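**Student:**
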Amino acid sequence: MVGTSEFDDALAARLLGRIRQGDQRAFVELFRAINRRIFLFAKHRLSTREDAEEVLNDTALELWQHPDRFRGDSRFMTYVLGIANNKAISLLRRRGRCEEEAVGDPEDVPDEDPTPLDALWRTQKLAGIADCMERLPERQRTIVYLAYFEDLSREEIGRIVGCEANAVRQYLWQALRKMRDCLAASGLQ
Amino acid sequence: VLSARDFEELLPWYLNGSLTERERILVADYLKAHPEGDARVQWNASLRARVKEEVEEVPQDIGLDRVLATMRRGSSEAHDARPTRHGWVMPAGLGAWVALLGGGRVAWAAALASVVLVAGTIVMFNAHMHERLRQSTASVAAVSQTPTPPPTDQPPQPAIAQAGETGKVGSTVAPASAPPMPGRLPTYRVTPRSQQPPQQPAPAEPDAWRLSPSIADLGKQGTSPNRSEGERSEPGPIAEAPAETMPAPKDGAAEVASSRLTKRGAASESPTIGLPTPGEQTKVADARPAAVVTAPETARRSLTQTDERETASSSTRVAMSGKSNTSCPSTNKQREDALRAANPDQLVRAQAEWIEYIKQLLKAGCRDAADQQWVEFHKKYPDEKAPPELETSK
Chain C
411 MVGTSEFDDA LAARLLGRIR QGDQRAFVEL FRAINRRIFL FAKHRLSTRE
461 DAEEVLNDTA LELWQHPDRF RGDSRFMTYV LGIANNKAIS LLRRRGRCEE
511 EAVGDPEDVP DEDPTPLDAL WRTQKLAGIA DCMERLPERQ RTIVYLAYFE
561 DLSREEIGRI VGCEANAVRQ YLWQALRKMR DCLAASGLQ
Chain X
11 VLSARDFEEL LPWYLNGSLT ERERILVADY LKAHPEGDAR VQWNASLRAR
61 VKEEVEEVPQ DIGLDRVLAT MRRGSSEAHD ARPTRHGWVM PAGLGAWVAL
111 LGGGRVAWAA ALASVVLVAG TIVMFNAHMH ERLRQSTASV AAVSQTPTPP
161 PTDQPPQPAI AQAGETGKVG STVAPASAPP MPGRLPTYRV TPRSQQPPQQ
211 PAPAEPDAWR LSPSIADLGK QGTSPNRSEG ERSEPGPIAE APAETMPAPK
261 DGAAEVASSR LTKRGAASES PTIGLPTPGE QTKVADARPA AVVTAPETAR
311 RSLTQTDERE TASSSTRVAM SGKSNTSCPS TNKQREDALR AANPDQLVRA
361 QAEWIEYIKQ LLKAGCRDAA DQQWVEFHKK YPDEKAPPEL ETSK
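Chains as they are written, first to last, in our numbering: chain C, 411 to 599; chain X, 11 to 404.
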């Protein structure tokens, strides 16, 4: 499994330096380290495999053509996923699909207590979790993926999706609530 | 102390390890105080595990073949025009250039600046070469002035409009048949000898109509693009005309010619001097062919610079005017001397040669010219005694 700890920024910087010199082997090495993460991110973002592959292709070409654009201001994967997110937005726009806006202001979500996660945990039916994630709005689904798979911080996710860290926290909480409702409606709760 | 909502909002970040130390302590304290919170932690952990399991289902080289194919295709497509993101069609060469420069606005600016620089260099080079050619042709001194030929016998001759064509060797130059406007220099036509009609009557003095070899050489020098500014022309290119054919300018004509010489020297690079004014031309038109004296630039420039050159200029006027005697021999020689005197940087005639020349003037009866030459000679060689012929004639 590819995780963020397996690919540090120092290695990425070395590979980018070689890519800057036109080293295609370095590009292949870098691509193999990040391609599945980009693909999965794009797939969670766009829902279809074809679109995800196109975003993966465009993101990789961006790294090949402009390796000097990464200046180390953020973690390399944050930078790469930011590119992938922009490519996904461009793809959606080309196909006439507008990104879904968040339903309501995150701050307006009423506080509920007790949380429904207890029931989800008890049912242990995680198989339906993926289906419920597919039903999430694109931004919330992306944030769930980035928080649970990429283990990125709120600030890093906010940099990728273009919002404040506190909003990311609110979006994720909303996503989890919707998943609870989804699982409950599916009889999984 | 965290609320239940704060705990749920922070829990995903607590599990991925991205909370600050203060927040992590708050969540840990909440879990200690609320044991039911462990179930939520486990549910979130299961969700994380389910998301991470997906990556195992994705092939390791997914997208690799496609991106490599795109890269190969992109390198070949760089040679073709392709639309940019702005919708423009980028020239193939420029596109490859921009790609080599790394793309982006800076690369575009650099590529366009290079194109502009190259184009500007070409334009400036062409303009420079054109100017050099124009200056070279303008400095051609191979012009031989002729009187107005009989209009009835002269077939129409093509007028030369381009200065570059006036320096052709072996051409004859004649004033245009139309009378020049008052106050303006006459227009001359050049007819190559090869184009002259065979039935055209030969001039009385053919040599006066042709360019001497020295003039032809000067014309070649003038048109030579390799001629440097520092090169000095020898003051010898004088139209060879027999002394008998030289006109006898009336009083004042030399002054006019001299002043015109100075003006033209300041206003034009043309070294040709002695072109008559319309009035002068009318006076000499029906006379004999007049020679045009060609002087180097150095001689013309020196005329107005120093007192010494003023003296030389006066002798130039005297010599050019031919005041002494119209039948005096070696008028060309006088002019040559005048030109030499006008150019003090040039070597003057040898002392003995000068004396011999004065004697020749005396023999020819050119008393005034001989006296003038003696005055000039005595200035330079005050210790020399006057030749006996001069004393005798006095």
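Every residue, glycine too, gets a C-beta built ideally from N, C-alpha and C. On a predicted model such as this, the values are computed, not experimentally measured, just so you know.
(1) Which residue wins for smallest C-alpha separation from C/W583, given the options C/R549, C/G572, C/E566, C/A594?
(2) I want to verify the contact list: residues of chain X whose CB lies under 7 Å from the CB of C/G493, in sequence order.
(3) Contact criterion: CB-CB distance below 8 Å. Does X/P22 meet it with respect to chain C?
(4) Three-state secondary structure (DSSP) at X/Y391?
(5) Please compile the residues from chain C whose C-beta is within a distance smaller than 9 Å of the C-beta of X/R32.
(6) Could you give the first and the last residue of the continuous alpha helix (DSSP H) run that contains C/R569?
(7) At a cut of 8 Å, does the region 448-467 of chain C reach the region 496-507 of chain C through at least three beta carbon pairs?
(8) Is DSSP giving C/F559 helix, strand or coil here?
(9) Hey, is C/F559's beta-carbon within less than 8 Å of any beta-carbon in chain X?
(10) Are any of the Cβ atoms in chain X nearer than 8 Å to that of C/F449?
(11) Roughly how many angstroms lie between the CA atoms of C/R428 and X/A120, to the nearest whole one?
(12) Along the chain, where does the alpha helix (DSSP H) that runs through X/P22 open and close?
(13) For C/D483, name the three-state secondary structure that DSSP assigns.
(14) From C/A594 to X/A55, what distance separates their C-alpha atoms?
(15) Just by C-beta distance, which residues in the region 567-583 of chain C are closer than 8 Å to chain X?
(16) Looking only at its chain, what residues have a beta carbon closer than 6 Å to the beta carbon of C/E472, apart from the 5 residues adjacent to it on each side?
(17) Could you tell me the alpha carbon to alpha carbon distance between X/Q406 and C/A436, rounded to whole angstroms?
(18) By Cβ distance below 8 Å, which residues in the same chain neighbour X/R34 in space, the five residues on each side in sequence not counted?
(19) Could you tell me which chain X residues have their CB closer than 8 Å to the CB of C/R504, listed as they occur along the chain?
(20) Just the C-alpha distance for X/P392 and X/A374, rounded to the nearest angstrom, thanks.
(21) If contacts are defined as beta-carbon pairs under 8 Å, then C/Y558 and X/P22 qualify, I think. What distance do you get, rounded to the angstrom?
(22) Are the Cβ atoms of C/I539 and C/I553 separated by less than 8 Å?
(23) If distances are taken between C-alpha atoms only, which option among C/A452, C/L440, C/E560, C/D478 comes closest to X/A59?
(24) Since C/V438 meets chain X, which of its residues come closer than 8 Å, beta carbon to beta carbon?
(25) In three-state DSSP terms, what is C/T469?
(26) Under DSSP, the alpha helix (DSSP H) around C/F451 begins and ends at which residues?
(27) Using a Cβ cut-off of 8 Å, which residues of the region 463-476 of chain C contact any Cβ in chain X, in chain order?
(28) Determine the DSSP secondary structure at X/P398, reduced to helix, strand or coil.
(29) Does C/F441 get closer than 8 Å to chain X when you measure Cβ to Cβ?
(30) Where do the N-terminal and C-terminal ends of the alpha helix (DSSP H) with X/V37 fall, by residue?
(31) From X/M139 to X/Q361, what does the alpha carbon distance come to, in whole angstroms?
(32) Which bits of chain C does X/R58 rub up against, with CB to CB less than 8 Å?
**Tutor:** According to the structure shown:
(1) C/R549
(2) The sequence given here places Ile at residue 493 of chain C; Gly does not occur at that position. The contacting residues do not exist; C/I493 stays about 13 Å from chain X at best.
(3) yes
(4) coil
(5) Result: empty, since nearest Cβ-Cβ is about 14 Å, beyond 9 Å.
(6) 564-571
(7) yes
(8) coil
(9) yes
(10) yes
(11) 24 Å
(12) 14-25
(13) coil
(14) 19 Å
(15) R579, Q580, L582, W583
(16) I493
(17) The displayed coordinates of chain X run from 11 to 404. Any statement about residue 406 of chain X would go beyond what the structure contains.
(18) Y24
(19) Correct list: empty, because the minimum Cβ distance to chain X is about 12 Å.
(20) 25 Å
(21) 7 Å
(22) no
(23) C/E560
(24) L74, L78
(25) helix
(26) 434-456
(27) E463, L466, N467, A470, L471, W474, Q475, H476
(28) helix
(29) yes
(30) 31-43
(31) 45 Å
(32) Y558, F559
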